[in-house]
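Q: First residue of the sequence shown: 1, per UniProt numbering; consecutive thereafter. Mind looking over this structure? Questions follow.
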Amino acid sequence: MNRAFSRKKDKTWMHTPEALSKHYIPYNAKFLGSTEVEQPKGTEVVRDAVRKLKFARHIKKSEGQKTPKVELQISIYGVKILEPKTKEVQHNCQLHRISFCADDKTDKRIFTFICKDSESNKHLCYVFDSEKCAEEITLTIGQAFDLAYRKFLESGGKDVETRKQIAGLQKRSSRRSRCWIQELETENTELRNKVQDLENQLRITQISVSPAASMAPKSPSTDIFDMVPFSPITPQSSTPTRNGTQPPPVPSRSIEIKRDLFGAEPFDPFNCGAGDFPPDIQSKLDEMQEGFKMGLTLEGTVFCLDPLDSRC
1 MNRAFSRKKD KTWMHTPEAL SKHYIPYNAK FLGSTEVEQP KGTEVVRDAV
51 RKLKFARHIK KSEGQKTPKV ELQISIYGVK ILEPKTKEVQ HNCQLHRISF
101 CADDKTDKRI FTFICKDSES NKHLCYVFDS EKCAEEITLT IGQAFDLAYR
151 KFLESGGKDV ETRKQIAGLQ KRSSRRSRCW IQELETENTE LRNKVQDLEN
201 QLRITQISVS PAASMAPKSP STDIFDMVPF SPITPQSSTP TRNGTQPPPV
251 PSRSIEIKRD LFGAEPFDPF NCGAGDFPPD IQSKLDEMQE GFKMGLTLEG
301 TVFCLDPLDS RC
């Protein structure tokens with residue numbers, strides 16, 4: 001875990017693992033805003049972003065605007081920023097996208113973290129005023145990242161290469177299945193053509209022998225066994241035979257192209273287990289693995305604000 005996560009040795013976790021994995025830890029804070037930064041980590045990067053946002057907040061405060069309050073919900077699934085009354089989610093920062101988190105020991109209120117935006121892929125620095133809970137919130141985010149990374153490894157994140165091999169085998173199997181289906185459809189088409197030729201020959205034979213059959217003592221509707229003769233081109237009549245028995249129904253031949261010789265639909269590998277293999281699962285696994293490998297860096301006193309800046 002040292003490669004993926006770094007924090008000071010004297011820091012201890014604030015919550016139980018169950019609290020972050022099964023629920024979330026809520027915090028109330030003031031949201032100064034977010035701004036784009038050039039680097040995912042660094043003390044200078046955080047300091048410049050904080051000064052920029054606090055200067056903008058001073059201007060808005062002089063115009064009569066108050067710093068908005070938000071609720072932070074921290075869990076192994078990410079850091080949610082919500083409107084405290086309506087519970088509307090304003091930002092949802094996934095943990096594997098958070099690369100840097102810091103709090104100011106001289107202020108005890110300001111803390112910030114850097115997160116990579118999921119749409120623009122830009123690094124954004126979020127800054128908060130947490131009413132003397134900055135260090136606790138920073139450690140909570142660090143603990144959530146630690147647990148999320150462990151859960152990612154336990155759930156199969158370390159087998160990304162194996163999943164890539166399975167995906168490759170699945171694609172090759174799909175190609176073979178498509179070839180096999182095409183061969184079956186071609187064979188079915190040839191068999192249908194042969195059956196159609198036999199039906200045409202039977203029709204010609206019946207037409208040619210019908211005058212002679214009319215001279216026979218027996219009724220032309222029955223054979224020598226007093227049974228209705230079979231005709232593959234004539235629908236089964238519901239009229240009973242002379243012996244009073246009802247002839248068995250003749251099953252209709254399916255003409256659907258998507259059915260094989262046994263009347264079953266051909267196997268479609270693209271519809272088999274589609275829910276288990278969504279198209280974008282590999283890209284998401286790669287993204288999470290890359291984010292967790294970058295790791296989360298927690299810092300203590302990473303920036304010191306002037307007395308004027310601390311009064312927001």
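Note that the Cβ used here is the ideal one computed from N, Cα and C, for glycine as well. None of the values given here were measured: they were computed from a predicted structure.
N92 bridges to which residues according to DSSP?
A: Paired residue(s): K80.
Q: From K60 to R150, what distance separates their C-alpha atoms?
A: Each residue's alpha carbon lies about 42 Å from the other.
Q: Between which residues of its own chain and K30 is the CB-CB distance below 6 Å, once the five residues before and five after are set aside?
A: T67, K69, D129.
Q: Report the three-state DSSP secondary structure of F277 (helix, strand or coil).
A: With a pLDDT of 40 at F277, under the threshold of 50, the modelled position of that residue is not reliable, and no figure is offered here.
Q: Count the other CB atoms within 10 Å of the CB of V79; is the residue buried (16 or more) or exposed (fewer)?
A: The residue in question, V79, is buried, as its Cβ has 16 or more Cβ neighbours within 10 Å.
Q: Who pairs with E71 in a beta bridge, going by DSSP?
A: BP columns for E71 point to N28, L82.
Q: Do you know offhand how far K105's Cα is from R51's?
A: Taking the straight line joining both Cα atoms gives about 16 Å.
Q: Out of S34, M14, T35, state which residue places its alpha-carbon closest to the alpha-carbon of I25.
A: Nearest C-alpha to I25: M14.
Q: In chain order, what residues of the same chain have a beta carbon less than 7 Å from the beta carbon of F292, not counting five sequence neighbours either side?
A: Excluding residues within five positions, the ones whose Cβ falls inside 7 Å are A4, H96, Y149, F152.
Q: Helix, strand or coil for E36 per DSSP?
A: DSSP places E36 in strand when its eight states are reduced to three.
Q: Given N28, which residues of its chain have a CB within under 7 Å of its CB, disregarding the five upstream and five downstream residues?
A: Excluding residues within five positions, the ones whose Cβ falls inside 7 Å are K69, E71, P84.
Q: Which of the three DSSP states, helix, strand or coil, is assigned to S130?
A: Correct three-state label for S130: coil.
Q: Hey, out of C115, R178, A102, E183, whose CA is closest to A134's CA?
A: Residue A102 is the option with its Cα nearest to A134.
Q: I'd like the span of the beta strand (DSSP E) that includes K116, first residue to last.
A: Its beta strand (DSSP E) spans residues 110–116.
Q: Taking the straight line between their C-alpha atoms, what separation do you get for Q65 and K87?
A: Roughly 21 Å separates the two Cα atoms.
Q: I'd like to check one pair, E44 with L124: are the Cβ atoms closer than 8 Å?
A: No. Outside cutoff.
Q: Report the three-state DSSP secondary structure of D48 (helix, strand or coil).
A: It is helical.
Q: Just how far apart, CA to CA, sit A49 and G33?
A: Answer to the nearest angstrom: the Cα atoms are 10 Å apart.
Q: Would you report the Cα separation of G295 and E63, rounded to the nearest angstrom?
A: Distance between the alpha carbons of G295 and E63 is about 40 Å.
Q: Given D117, which residues of its chain have a CB within under 6 Å of its CB, disregarding the five upstream and five downstream residues?
A: Cβ neighbours of D117 beyond the five flanking positions: L124.
Q: For A144 and V127, what's the separation of their Cα atoms in angstroms?
A: Cα to Cα, A144 sits roughly 19 Å from V127.
Q: Taking E299 as the reference, which of K22, R47, L285 has the closest Cα?
A: Among K22, R47, L285, the Cα nearest to that of E299 belongs to R47.
Q: Can you tell me the Cα-Cα spacing of S75 and E154, whole angstroms?
A: In a straight line, the C-alpha of S75 is about 17 Å away from that of E154.
Q: Within the same chain, show all residues whose beta-carbon is closer than 8 Å to that of A19, passing over the 5 residues directly before and after it, in chain order.
A: Here the set comprises I25.
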